[in-house]
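Accompanying notes for the structure given below.
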Ligand code: ADP
């Protein structure tokens with residue numbers, strides 16, 4: 013490079029010094045300056061400019077020391093001016109380029125993977141973070157089609173996302189990419205659109221942060237919450253064992269009684285077939301009752317992924333309350349049920365929602381053991397909450413028990429908070445996580461006339477919106 017510049021400068025000097033041409037040959041030194049600007053730093057460039065001016069002056073002196081004239085002096089001055097201006101402009105240009113490069117280098121400092129792609133999805137810039145995350149070097153990635161290189165999995169049809177992006181100028185969402193080694197990474201992706209001065213889309217800058225680990229942790233947490241919910245559900249069922257045994261035993265005892273009666277009707281000298289038939293019908297009815305209880309229990313004990321289906325809250329509540337019915341009568345608690353027939357359905361898991369209702373009802377029944385039987389009243393309500401923007405379903409479970417000290421209300425939902433000698437303190441904590449997973453809210457308040465009121469608010473399922 014340096015040798016070429018020197019050779020060029022020497023050639024210009026020789027032509028300038030010995031040529032008889034009446035021309036500003038020295039202007040050609042600007043080529044030397046421009047050429048040097050591509051590889052020299054500030055100091056080198058200044059020296060080159062100065063050397064070119066020196067050579068111009070030297071050949072002028074050699075050529076015109078004797079026959080000095082105005083036009084050749086002017087040509088010399090023009091050449092010197094041209095070299096000076098070119099040197100200064102090159103310096104300025106170098107400075108601007110360096111500033112731009114430094115700014116671009118900043119993008120390499122971030123841990124996020126950043127790349128720029130044209131409107132046709134062709135990668136034009138690829139930062140260090142992208143090299144690290146995806147495994148392709150800048151040279152390998154630039155020029156490739158981004159979605160093909162990364163095997164992008166979009167959350168919605170790609171065409172829809174691209175249209176949204178063009179319209180809004182930005183897009184944000186989760187994507188799944190495949191690295192060079194073939195591993196899947198989940199990224200939080202943010203896109204910004206660059207437009208030209210007429211507003212036409214030019215390029216997109218895509219910033220991707222790796223959330224694979226976070227996603228994995230979230231899924232593991234979700235899984236363990238589901239397992240915990242299952243375990244506490246089984247524990248709750250343990251609390252109900254006495255009632256459940258009674259619930260099943262009653263129809264079974266009836267089956268035996270009916271069976272004996274049937275045998276008696278058949279054992280007569282003239283068997284009474286009509287009575288025998290009705291005894292068998294009773295047996296069938298009682299057998300069904302027992303099997304219904306078992307079916308409800310099995311549904312509650314089932315384990316598995318939480319459902320996301322439309323649930324009729326009233327119907328789920330009725331079924332859940334059937335399981336605590338005996339508990340209510342054993343504790344001599346009166347049930348005051350008020351279900352609003354017009355409540356919309358909610359989206360979620362029927363069994364989990366029943367688990368919450370059973371938890372709240374059992375807590376209430378247990379708390380009311382502290383007040384005289386005549387005052388024990390469990391009020392269970394459903395109602396529709398509606399405002400201009402949204403509609404929700406509210407379930408309220410209120411008791412006439414002793415309640416809690418107001419300062420303890422915030423503690424109730426903490427895991428392991430229990431005032432019972434045999435309490436685990438998980439019931440309310442699990443209930444809250446179930447309701448929050450349904451995008452709902454659960455709150456505890458003290459009733460005016462004494463006792464606690466738990467209210468669960470769930471957003472209605474979109475499709476049931478009138
Ligand atoms: P556990 O029933 O195992 O104690 P929970 O999380 O279901 O666990 O309840 C935590 C605590 O909240 C209970 O120990 C009790 O002190 C209080 N609590 C819950 N429901 C009521 C209620 N209806 N009335 C009074 N106290 C209640």
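Residue numbers (our numbering): 13 to 478.
Built from N, CA and C at the ideal position, the CB exists for glycine as well.
Boundaries of the alpha helix (DSSP H) in which residue i is found, first to last residue
{"i": "residue 298", "result": "285-313"}
{"i": "residue 226", "result": "224-251"}
{"i": "residue 323", "result": "From DSSP, residue 323 is part of no alpha helix (DSSP H) but of the beta strand (DSSP E) over 321-323."}
{"i": "residue 35", "result": "First-last for residue 35: undefined, no H or E at that position."}
{"i": "residue 46", "result": "41-49"}
{"i": "residue 205", "result": "Segment 196-207 is the beta strand (DSSP E) holding residue 205; no alpha helix (DSSP H) there."}
{"i": "residue 158", "result": "158-161"}
{"i": "residue 180", "result": "170-180"}
{"i": "residue 210", "result": "Here residue 210 belongs to no alpha helix (DSSP H), and DSSP marks it neither H nor E."}
{"i": "residue 150", "result": "150-153"}
{"i": "residue 142", "result": "140-146"}
Residue i, enclosing beta strand (DSSP E) - first and last residue
{"i": "residue 127", "result": "125-130"}
{"i": "residue 464", "result": "464-471"}
{"i": "residue 453", "result": "453-458"}
{"i": "residue 398", "result": "389-398"}
Alpha carbon of residue i to alpha carbon of residue j, nearest angstrom
{"i": "residue 340", "j": "residue 124", "result": "59 Å"}
{"i": "residue 16", "j": "residue 131", "result": "41 Å"}
{"i": "residue 103", "j": "residue 54", "result": "6 Å"}
{"i": "residue 143", "j": "residue 175", "result": "28 Å"}
{"i": "residue 312", "j": "residue 245", "result": "8 Å"}
{"i": "residue 207", "j": "residue 324", "result": "50 Å"}
{"i": "residue 22", "j": "residue 69", "result": "14 Å"}
{"i": "residue 240", "j": "residue 291", "result": "45 Å"}
{"i": "residue 373", "j": "residue 336", "result": "8 Å"}
{"i": "residue 267", "j": "residue 232", "result": "48 Å"}
{"i": "residue 479", "j": "residue 441", "result": "Residue 479 lies beyond the range of the chain shown here (13 to 478); nothing can be said about it."}
{"i": "residue 61", "j": "residue 153", "result": "39 Å"}
{"i": "residue 296", "j": "residue 289", "result": "11 Å"}
{"i": "residue 89", "j": "residue 79", "result": "17 Å"}
{"i": "residue 193", "j": "residue 141", "result": "16 Å"}
{"i": "residue 29", "j": "residue 51", "result": "28 Å"}
{"i": "residue 378", "j": "residue 407", "result": "19 Å"}
{"i": "residue 173", "j": "residue 179", "result": "10 Å"}
{"i": "residue 294", "j": "residue 256", "result": "21 Å"}
{"i": "residue 328", "j": "residue 273", "result": "37 Å"}
{"i": "residue 258", "j": "residue 184", "result": "57 Å"}
{"i": "residue 209", "j": "residue 115", "result": "22 Å"}
{"i": "residue 204", "j": "residue 190", "result": "22 Å"}
{"i": "residue 478", "j": "residue 402", "result": "With a pLDDT of 49 at residue 478, under the threshold of 50, the modelled position of this residue cannot be trusted, and the question is left open."}
{"i": "residue 446", "j": "residue 368", "result": "8 Å"}
{"i": "residue 382", "j": "residue 230", "result": "41 Å"}
{"i": "residue 25", "j": "residue 106", "result": "26 Å"}
{"i": "residue 365", "j": "residue 449", "result": "11 Å"}
{"i": "residue 345", "j": "residue 460", "result": "20 Å"}
{"i": "residue 412", "j": "residue 376", "result": "8 Å"}
{"i": "residue 214", "j": "residue 136", "result": "12 Å"}
{"i": "residue 42", "j": "residue 127", "result": "38 Å"}
{"i": "residue 452", "j": "residue 470", "result": "4 Å"}
Nearest neighbour of residue i, chosen from the options [CA to CA]
{"i": "residue 149", "options": "157, 393, 138, 159", "result": "138"}
{"i": "residue 443", "options": "433, 434, 435, 427", "result": "427"}
{"i": "residue 358", "options": "372, 343, 380, 321", "result": "321"}
{"i": "residue 467", "options": "432, 425, 473, 283", "result": "425"}
{"i": "residue 85", "options": "388, 365, 366, 36", "result": "36"}
{"i": "residue 371", "options": "76, 454, 57, 346", "result": "454"}
{"i": "residue 389", "options": "464, 108, 67, 48", "result": "464"}
{"i": "residue 147", "options": "281, 73, 135, 162", "result": "162"}
{"i": "residue 73", "options": "38, 376, 392", "result": "38"}
{"i": "residue 342", "options": "300, 157, 474, 254", "result": "254"}
{"i": "residue 355", "options": "332, 392, 396", "result": "396"}
{"i": "residue 457", "options": "59, 95, 414, 348", "result": "414"}
Restricting to runs no shorter than 3 residues, where is the beta strand (DSSP E) found entirely within the region 53-134? Counting whole runs of 3 or more residues, the region 53-134 contains the beta strand (DSSP E) stretches 125-130.
Please specify which runs of the beta strand (DSSP E), each continuous and at least 3 residues long, are wholly inside the region 401-446, giving them in chain order.
403-410
Query raised in the report: What are the start and end residues of each continuous alpha helix (DSSP H) run of 4 or more residues lying completely inside the region 330-386, in chain order?
Result: 362-379
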